[in-house]
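Chains as they are written, first to last, in the working numbering: chain A, 25 to 502; chain B, 25 to 502.
There are 2 protein chains.
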Amino acid sequence: MKRYEQVAQAISERIEQSYYQAGERLPSIRDVSKTFEVSISTAQEAYRLLEDQGLAEPRPKSGYYVLNRQKAPQQLPDVSRPVQRPLEVSQWEEVLNLLCANTSQDIVQLGRAIPDLEAPTLKPLSRIMSDLNRYAQSSILSYEHLRGSDKLRLQIARLMVDSGCRLHPDDIITTTGCQEALSVSLRAISQPGDIIAVDSPSFYGSMQAIKAHGLKALEIPTHPETGISLEALQLALEQWPIKAIQITPTCNNPLGYTMPVEHKQRLLEITAPYDLPIIEDDIYGDLAYHAPRPPSIKSFDNEGRVLLCSSFSKTLAPGLRVGWVAPGRYVNQVIHMKYVVTASTATLPQVAIAEFIAQGGYERHIRKMRTQYQQSRDAMIGWIEKYFPQGTRISYPQGGFLLWVELPVEIDTVMLNERTMALGVCIAPGVLFSASGKYRHCMRLNFTDRPSERNERAVQIVGEEIRKMTQELTKVTV
Amino acid sequence: MKRYEQVAQAISERIEQSYYQAGERLPSIRDVSKTFEVSISTAQEAYRLLEDQGLAEPRPKSGYYVLNRQKAPQQLPDVSRPVQRPLEVSQWEEVLNLLCANTSQDIVQLGRAIPDLEAPTLKPLSRIMSDLNRYAQSSILSYEHLRGSDKLRLQIARLMVDSGCRLHPDDIITTTGCQEALSVSLRAISQPGDIIAVDSPSFYGSMQAIKAHGLKALEIPTHPETGISLEALQLALEQWPIKAIQITPTCNNPLGYTMPVEHKQRLLEITAPYDLPIIEDDIYGDLAYHAPRPPSIKSFDNEGRVLLCSSFSKTLAPGLRVGWVAPGRYVNQVIHMKYVVTASTATLPQVAIAEFIAQGGYERHIRKMRTQYQQSRDAMIGWIEKYFPQGTRISYPQGGFLLWVELPVEIDTVMLNERTMALGVCIAPGVLFSASGKYRHCMRLNFTDRPSERNERAVQIVGEEIRKMTQELTKVTV
Ligand SMILES: Cc1ncc(COP(=O)(O)O)c(C=O)c1O
Ligand SMILES: Cc1ncc(COP(=O)(O)O)c(C=O)c1O
Numbered sequence: 025m026k027r028y029e030q031v032a033q034a035i036s037e038r039i040e041q042s043y044y045q046a047g048e049r050l051p052s053i054r055d056v057s058k059t060f061e062v063s064i065s066t067a068q069e070a071y072r073l074l075e076d077q078g079l080a081e082p083r084p085k086s087g088y089y090v091l092n093r094q095k096a097p098q099q100l101p102d103v104s105r106p107v108q109r110p111l112e113v114s115q116w117e118e119v120l121n122l123l124c125a126n127t128s129q130d131i132v133q134l135g136r137a138i139p140d141l142e143a144p145t146l147k148p149l150s151r152i153m154s155d156l157n158r159y160a161q162s163s164i165l166s167y168e169h170l171r172g173s174d175k176l177r178l179q180i181a182r183l184m185v186d187s188g189c190r191l192h193p194d195d196i197i198t199t200t201g202c203q204e205a206l207s208v209s210l211r212a213i214s215q216p217g218d219i220i221a222v223d224s225p226s227f228y229g230s231m232q233a234i235k236a237h238g239l240k241a242l243e244i245p246t247h248p249e250t251g252i253s254l255e256a257l258q259l260a261l262e263q264w265p266i267k268a269i270q271i272t273p274t275c276n277n278p279l280g281y282t283m284p285v286e287h288k289q290r291l292l293e294i295t296a297p298y299d300l301p302i303i304e305d306d307i308y309g310d311l312a313y314h315a316p317r318p319p320s321i322k323s324f325d326n327e328g329r330v331l332l333c334s335s336f337s338k339t340l341a342p343g344l345r346v347g348w349v350a351p352g353r354y355v356n357q358v359i360h361m362k363y364v365v366t367a368s369t370a371t372l373p374q375v376a377i378a379e380f381i382a383q384g385g386y387e388r389h390i391r392k393m394r395t396q397y398q399q400s401r402d403a404m405i406g407w408i409e410k411y412f413p414q415g416t417r418i419s420y421p422q423g424g425f426l427l428w429v430e431l432p433v434e435i436d437t438v439m440l441n442e443r444t445m446a447l448g449v450c451i452a453p454g455v456l457f458s459a460s461g462k463y464r465h466c467m468r469l470n471f472t473d474r475p476s477e478r479n480e481r482a483v484q485i486v487g488e489e490i491r492k493m494t495q496e497l498t499k500v501t502v
Numbered sequence: 025m026k027r028y029e030q031v032a033q034a035i036s037e038r039i040e041q042s043y044y045q046a047g048e049r050l051p052s053i054r055d056v057s058k059t060f061e062v063s064i065s066t067a068q069e070a071y072r073l074l075e076d077q078g079l080a081e082p083r084p085k086s087g088y089y090v091l092n093r094q095k096a097p098q099q100l101p102d103v104s105r106p107v108q109r110p111l112e113v114s115q116w117e118e119v120l121n122l123l124c125a126n127t128s129q130d131i132v133q134l135g136r137a138i139p140d141l142e143a144p145t146l147k148p149l150s151r152i153m154s155d156l157n158r159y160a161q162s163s164i165l166s167y168e169h170l171r172g173s174d175k176l177r178l179q180i181a182r183l184m185v186d187s188g189c190r191l192h193p194d195d196i197i198t199t200t201g202c203q204e205a206l207s208v209s210l211r212a213i214s215q216p217g218d219i220i221a222v223d224s225p226s227f228y229g230s231m232q233a234i235k236a237h238g239l240k241a242l243e244i245p246t247h248p249e250t251g252i253s254l255e256a257l258q259l260a261l262e263q264w265p266i267k268a269i270q271i272t273p274t275c276n277n278p279l280g281y282t283m284p285v286e287h288k289q290r291l292l293e294i295t296a297p298y299d300l301p302i303i304e305d306d307i308y309g310d311l312a313y314h315a316p317r318p319p320s321i322k323s324f325d326n327e328g329r330v331l332l333c334s335s336f337s338k339t340l341a342p343g344l345r346v347g348w349v350a351p352g353r354y355v356n357q358v359i360h361m362k363y364v365v366t367a368s369t370a371t372l373p374q375v376a377i378a379e380f381i382a383q384g385g386y387e388r389h390i391r392k393m394r395t396q397y398q399q400s401r402d403a404m405i406g407w408i409e410k411y412f413p414q415g416t417r418i419s420y421p422q423g424g425f426l427l428w429v430e431l432p433v434e435i436d437t438v439m440l441n442e443r444t445m446a447l448g449v450c451i452a453p454g455v456l457f458s459a460s461g462k463y464r465h466c467m468r469l470n471f472t473d474r475p476s477e478r479n480e481r482a483v484q485i486v487g488e489e490i491r492k493m494t495q496e497l498t499k500v501t502v
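Now the structure itself:
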């Protein structure tokens, strides 16, 4: 990184962290030059970069100002109001339906969370895998170390610096996707019957892990822009013997929000008296639209309480099944669980990804994807506003490729999905994201693909079916 | 398969199943010709093949006789006598030590169960993987179906016909190695606190899964040639509320025996009144030295009670992490567990293995490995007899590449391993294979490599250290 880029990054971090507020005047070029001990022209270049990044704007004769943060142009979903007591997770049938849905090319897949796999920036990874098979046969056919490939863990430790974490490679264990990371983390810190607090709506994979391990989920009200309600969580902590917290605070699935930095810090504070483990799912973190990516909760954790779970499934490709967990003080329990569950993670993809990152391929790919997904988000929101009925609410993702849509309450999205599937469009019904079958009038859509007529048409089909359902319902009522 | 091969196979199956006993006269050429409706010369060819396979011998003027089964030339270990009550599994530290042992090329690895990865018959598999990465990028980067690759499940169903199982591909779920198959099977059929009956000594991976899932192991006395004692099991069933049985009945790890067919059938009978699930680990089954391979317990199961677990880790390569489970009537629970644990199995190795099997590569490789491992077994047993002290007992594997050595009781193999590691040889101490730290004077050795001076020297080193330990102990006592 060049010097002016470092300076720009330091300033942008302060903006991200609201140290400099929207509309506020930023330090003068001269001040920046002094503070960072750089030349005037380097300070100027730094500000020009911030301007390009949409973070600062110059005002004639008065210097640079923090640009007003982009606001959601659309109406956002309500703060969620899940059932406020621990529940056994249901909805497995519905999840299974989605997982086993027809994946043929004829169907527009707005339901599953699969990244763009046609990106040219992924090609070098395939080439590396191809070569490894030719030239390193017996080493890639052998078991990897229990903790995972040394080379890969080194690269992951390097990547995690971007999220504010300074870890040793031995603090990291690779896994068969983020799902294994979540599953072994849950098992490592709880016993059947325990209560796990979760954001809500919440990723169905971790909810089903809670179910399978005999745990109960306590869904906490969640804000569509700032995430889990800390007030509600605090009350819940006083009321219930909560054993751990499991959330996706950065580029959330399904809502797309990123918890503000102060909230992340505060979450650590309010859980400190209970010495509570926090399972932080960071799988979409590197796909935040604005660089530098937001810090993880783990980056503020001095007590080893955070088990950070992630994978390359969304940033690179899910079929590789390579993820990781940085389990903090629970490392021994996690290693035991990891061993009994899969013994070790497949060798080839680990070695290949390590090489891909080392060659700079990961960074290049991510940079490209961030821009692409942000553009697709805007197109997708435009289509939804155009084709869906009045009163539709849409979340405003800050990263990743998923958004959440709240329809008029009378629309059942499980039924809607059956109707749109028959027309060649798959969506993810909202009930999947609740322990108790809430969010029946909501759905998650992905905007992985580059905007295309085919996808616009798919959104239009969903909109039309919603309208038809509304009309049918009105008739029945009349 | 040619007609005479089919006839030979039918007769050899009856020999395997002791329908024709050792030393008994086999049907005449004329009878065979009539029974199988083949020509006299085809019947003659069939017998010649059986002669080549070492199953039948001609006696002048009197026809063919069942050859006396090859007997172990050495003294076998005793029937095991584990603690006869349910126990929490210990020994994790010891297992971890082995898993994390130095794997450098400088150390002769007699401790781990890794197949020969340099075999030329594996090369086509690497070539297939290399090509897939070049020509099928986006499909192999995507999530596989939850149940696994359709193509691979079809091929697995075909392979399993050899073990007597007629399954539909949908009866099979692919997993991240056999370890995941065992782990999800255990979880699917038990609750924490339940008792699982196991053969003893037993593979440490499944024992640690029992531990991690909060279950108790009840170790059943086991015979070094015929496997788990059915009498002891029956008594245990009367005495304890056993929830399931977990065994490796074919080419057992660590002992190498294969349970006789009648025992496999009888096991199903005595567990029927309890409607007990049986987790059958068949990972070495295809590596039985005599073709056709022995039938699995699952092949006799009409009630869907057997969960068959296996993988390509021993037959092909462990780094691929591709296994499977055929869970019988427990399929729904197993699918849920599989989903929450790893979501799906890596795509590339599944597709590649399917192609490798379809091209005939699997069969060619297995045929070669069976012969190679049998030769290595004989070399290994020769070395042990040459270099180990009098009174050493050695198991007589019928397949795979592992054997079990019982030393004089005063030898502690954990200490022995520390000493031999310092001299560049790694062994697997016996305590790993017991819930309660039994078998301290035993060890498991692998004979994966082709016989070599280096490996003979390694066995010699172990033998010398045993002698030294014996001398040191005698001194102390005097
Ligand atoms: C938030 C979240 N966590 C975890 C996962 C599972 O990831 P992986 O495919 O790496 O197991 C997903 C995949 O959809 C996800 O969206
Ligand atoms: C009997 C037995 N079962 C299961 C396993 C685990 O196999 P995998 O590497 O396919 O998970 C092993 C590996 O050592 C084994 O010996």
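All residues carry an ideal CB built from backbone N, CA and C; glycine is no exception.
TODO: Give the straight-line distance between the Cα atoms of residue 232 of chain A and residue 168 of chain B, rounded to the nearest whole angstrom.
DONE: For this step, residue 232 of chain A is matched to residue 208 along the first sequence. For this step, residue 168 of chain B is matched to residue 144 along the second sequence. When rounded, the distance between both Cα atoms is 19 Å.
TODO: Grab the span of the beta strand (DSSP E) containing residue 270 of chain A for me, first residue to last.
DONE: Looking up residue 270 of chain A in the first sequence gives position 246. It spans 266-271 - the beta strand (DSSP E) in which residue 270 of chain A sits, taken as one unbroken run.
Open item on the list: Between which residues of its own chain and residue 453 of chain B is the CB-CB distance below 7 Å, once the five residues before and five after are set aside?
Closed with: Position 429 of the second sequence, counted from the start, is the residue given in the question as residue 453 of chain B. Cβ neighbours of residue 453 of chain B beyond the five flanking positions: 118, 437, 438, 441, 467.
- [ ] Consider the C-beta atom of residue 335 of chain B and the heavy atoms of ligand 2; say whether any pair is separated by less than 7 Å.
- [x] Locating residue 335 of chain B in the second sequence gives position 311, where the first residue counts as 1. For residue 335 of chain B, the shortest C-beta to heavy atom distance toward ligand 2 is below 7 Å.
Open item on the list: Which same chain residues end up closer than 6 Å to residue 397 of chain B when comparing Cβ atoms and leaving out the 5 residues on each side of it in sequence?
Closed with: Within the second sequence, numbered from 1, the residue matching residue 397 of chain B stands at position 373. Around residue 397 of chain B: 425.
Open item on the list: Only counting the same chain, and skipping five residues up and downstream in sequence, which positions put a Cβ closer than 6 Å to that of residue 487 of chain B?
Closed with: Here residue 487 of chain B refers to the residue found at position 463 of the second sequence. Closer than 6 Å at Cβ, skipping near neighbours: 411, 412.
- [ ] Output yes if chain A places a C-beta closer than 8 Å to the C-beta of residue 167 of chain B; else output no.
- [x] Within the second sequence, numbered from 1, the residue matching residue 167 of chain B stands at position 143. With 8 Å as the cut-off, residue 167 of chain B counts as an interface residue toward chain A.
- [ ] Pair every Cβ in the segment 202-212 of chain A with every Cβ in the segment 178-194 of chain A, then say whether three or more of these pairs are closer than 8 Å.
- [x] The segment 202-212 of chain A and the segment 178-194 of chain A do not touch, with fewer than 3 CB-CB distances between them shorter than 8 Å.
Task: Endpoints, alpha helix (DSSP H) assigned at residue 189 of chain A - done: Indexing the first sequence from 1 puts residue 189 of chain A at position 165. Going by DSSP, residue 189 of chain A is part of no alpha helix (DSSP H) at all; its letter is neither H nor E.
Open item on the list: Considering only the alpha carbon of each residue, which of A:290, A:457, A:375 lies closest to residue 172 of chain A?
Closed with: The count along the first sequence starts at 1 and reaches residue 172 of chain A at position 148. Among A:290, A:457, A:375, the Cα nearest to that of residue 172 of chain A is on A:375.
- [ ] Work out the CA separation of residue 123 of chain A and residue 476 of chain A for me, nearest whole Å.
- [x] Residue 476 of chain A sits at position 452 when you count from the first residue of the first sequence. Residue 123 of chain A sits at position 99 when you count from the first residue of the first sequence. Going by the C-alpha atoms only, they are around 25 Å apart.
Open item on the list: Just to confirm, is the Cβ distance from residue 337 of chain B to residue 157 of chain A under 8 Å?
Closed with: Counted from its first residue, the second sequence places residue 337 of chain B at position 313. Counted from its first residue, the first sequence places residue 157 of chain A at position 133. No, Cβ-Cβ distance for residue 337 of chain B and residue 157 of chain A is not below 8 Å.
Task: Min CB distance residue 360 of chain A to chain B below 8 Å - done: Residue 360 of chain A sits at position 336 when you count from the first residue of the first sequence. Answer yes: the Cβ-Cβ gap between residue 360 of chain A and chain B drops below 8 Å somewhere.
TODO: Starting from the C-beta of residue 479 of chain B, find all residues in its chain whose C-beta is less than 7 Å away, skip the five residues before and the five after it, and write them out in chain order.
DONE: Along the second sequence, read from residue 1 onward, the residue named residue 479 of chain B stands at position 455. Taken in chain order, the residues that qualify are 132, 473.
Open item on the list: Tell me the rounded alpha-carbon separation between residue 308 of chain B and residue 100 of chain A.
Closed with: Here residue 308 of chain B refers to the residue found at position 284 when the second sequence is read from its first residue. Here residue 100 of chain A refers to the residue found at position 76 when the first sequence is read from its first residue. As the crow flies, the alpha-carbon of residue 308 of chain B is around 57 Å from that of residue 100 of chain A.
Task: CB contact flag (residue 300 of chain A, residue 321 of chain A, <8 Å) - done: On the first sequence, residue 300 of chain A is found 276 positions in, with the first residue counted as 1. On the first sequence, residue 321 of chain A is found 297 positions in, with the first residue counted as 1. Contact annotation: residue 300 of chain A and residue 321 of chain A have beta-carbon atoms that are not nearer than 8 Å.
TODO: Have a look at residue 65 of chain B and residue 98 of chain B and give me their C-alpha separation to the nearest angstrom.
DONE: As a working mapping, residue 65 of chain B is identified with position 41 in the second sequence. As a working mapping, residue 98 of chain B is identified with position 74 in the second sequence. Rounded to whole angstroms, residue 65 of chain B and residue 98 of chain B show a C-alpha spacing of 40 Å.
Task: Close Cβ partners of residue 317 of chain B (< 7 Å) along its chain, the five nearest in sequence each way excluded - done: By 1-based counting over the second sequence, the position of residue 317 of chain B is 293. Correct list, in chain order: 186, 187, 309, 310.
Task: Residues near residue 107 of chain B in its chain [Cβ-Cβ closer than 8 Å; skip 5 each side] - done: Within the second sequence, residue 107 of chain B is the residue found at index 83, counting from 1. Beyond the five residues adjoining it in sequence on each side, residue 107 of chain B comes within less than 8 Å, by CB distance, of 243, 459, 460, 462 in the same chain, given in chain order.
- [ ] Using 7 Å as the cut-off, classify the Cβ of residue 305 of chain B as near or not near the heavy atoms of ligand 2, replying yes or no.
- [x] Taking the first residue of the second sequence as 1, we reach residue 305 of chain B at position 281. Result yes, Cβ under 7 Å from ligand 2.
Task: Proximal residues of chain B, C-beta to C-beta of residue 196 of chain A below 8 Å - done: Taking the first sequence and counting its residues from 1, the one referred to as residue 196 of chain A is at position 172. Those within 8 Å of residue 196 of chain A in chain B number zero; the least Cβ separation is about 15 Å.
TODO: Grab me the residues of residue 509 of chain A's own chain with a C-beta within less than 7 Å of its C-beta, minus the 5 sequence neighbours each way, in chain order.
DONE: The shown model of chain A, from 25 to 502, leaves out residue 509 of chain A, and the question about it has no answer.
Open item on the list: With a threshold of 8 Å between beta carbons, is residue 222 of chain B in contact with chain A?
Closed with: In the second sequence, counting from the first residue as 1, residue 222 of chain B sits at position 198. So no, residue 222 of chain B is outside the interface.
Task: Beta carbon of residue 220 of chain B nearer than 8 Å to that of residue 263 of chain B - done: Within the second sequence, the letter at position 196 stands for residue 220 of chain B. Within the second sequence, the letter at position 239 stands for residue 263 of chain B. For residue 220 of chain B and residue 263 of chain B, no; Cβs fall outside 8 Å.
Task: Beta-carbon gap between residue 354 of chain A and residue 332 of chain A smaller than 8 Å - done: Position 330 of the first sequence holds residue 354 of chain A. Position 308 of the first sequence holds residue 332 of chain A. No, these two residues do not count as a Cβ contact at 8 Å.
Task: Simplified DSSP assignment, three categories, for residue 331 of chain B - done: Here the question's residue 331 of chain B lines up with position 307 in the second sequence. DSSP places residue 331 of chain B in the strand class (E or B) of the three-state scheme.
Task: Nearest candidate by alpha-carbon position, reference residue 30 of chain A, set A:213, A:239, A:302, A:59 - done: Here residue 30 of chain A is taken as the residue at index 6 of the first sequence, counted from 1. Scanning A:213, A:239, A:302, A:59 for the CA closest to the CA of residue 30 of chain A turns up A:59.
TODO: Determine which residues of the segment 337-361 of chain B have a Cβ less than 7 Å from any Cβ of chain A, and write them out in chain order.
DONE: Within the segment 337-361 of chain B, those residues whose Cβ lies closer than 7 Å to any Cβ of chain A are, in chain order, 341, 342, 343, 344, 345, 360, 361.
TODO: Determine the chain A residues that contact residue 370 of chain B at a beta-carbon separation under 8 Å, and present them in chain order.
DONE: Along the second sequence, read from residue 1 onward, the residue named residue 370 of chain B stands at position 346. Under the 8 Å cutoff, chain A gives 200, 343, 344, 345, 370, 373.
- [ ] Would you identify the three-state DSSP class for residue 356 of chain A, choosing helix, strand or coil?
- [x] Translated into the one-based positions of the first sequence, residue 356 of chain A becomes position 332. DSSP places residue 356 of chain A in helix when its eight states are reduced to three.
Task: Reduced DSSP category for residue 113 of chain A - H, G, I as helix; E, B as strand; rest coil - done: Residue 113 of chain A sits at position 89 when you count from the first residue of the first sequence. Of the three classes helix, strand and coil, the one that applies to residue 113 of chain A here is coil, per DSSP.
TODO: Answer with yes or no whether the minimum CB distance from residue 400 of chain A to chain B is below 8 Å.
DONE: Stepping through the first sequence from its first residue, residue 400 of chain A is reached at position 376. Taking Cβ atoms only, chain B never reaches closer than 8 Å to residue 400 of chain A, which makes this a no.
Open item on the list: Using a Cβ-based criterion (distance less than 7 Å to any ligand heavy atom), does residue 432 of chain B qualify as near ligand 2?
Closed with: Taking the second sequence and counting its residues from 1, one reaches residue 432 of chain B at position 408. Relative to the non-hydrogen atoms of ligand 2, the Cβ of residue 432 of chain B never comes closer than 7 Å to any of them.
Task: Enclosing alpha helix (DSSP H) for residue 25 of chain B [first to last residue] - done: The sequence position of residue 25 of chain B within the second sequence is 1, counting from 1. Taken as a continuous stretch (DSSP letters only), residue 25 of chain B belongs to no alpha helix (DSSP H), as it is neither H nor E.
Open item on the list: Can you tell me which residues form a DSSP beta bridge with residue 470 of chain A?
Closed with: Position 446 of the first sequence, counted from the first residue, corresponds to residue 470 of chain A. According to DSSP, residue 470 of chain A shares a beta bridge with A:426.
Task: Stretch pair the segment 363-375 of chain B + the segment 341-350 of chain A: three plus CB contacts closer than 8 Å - done: Contact holds: three or more Cβ-Cβ distances are below 8 Å.
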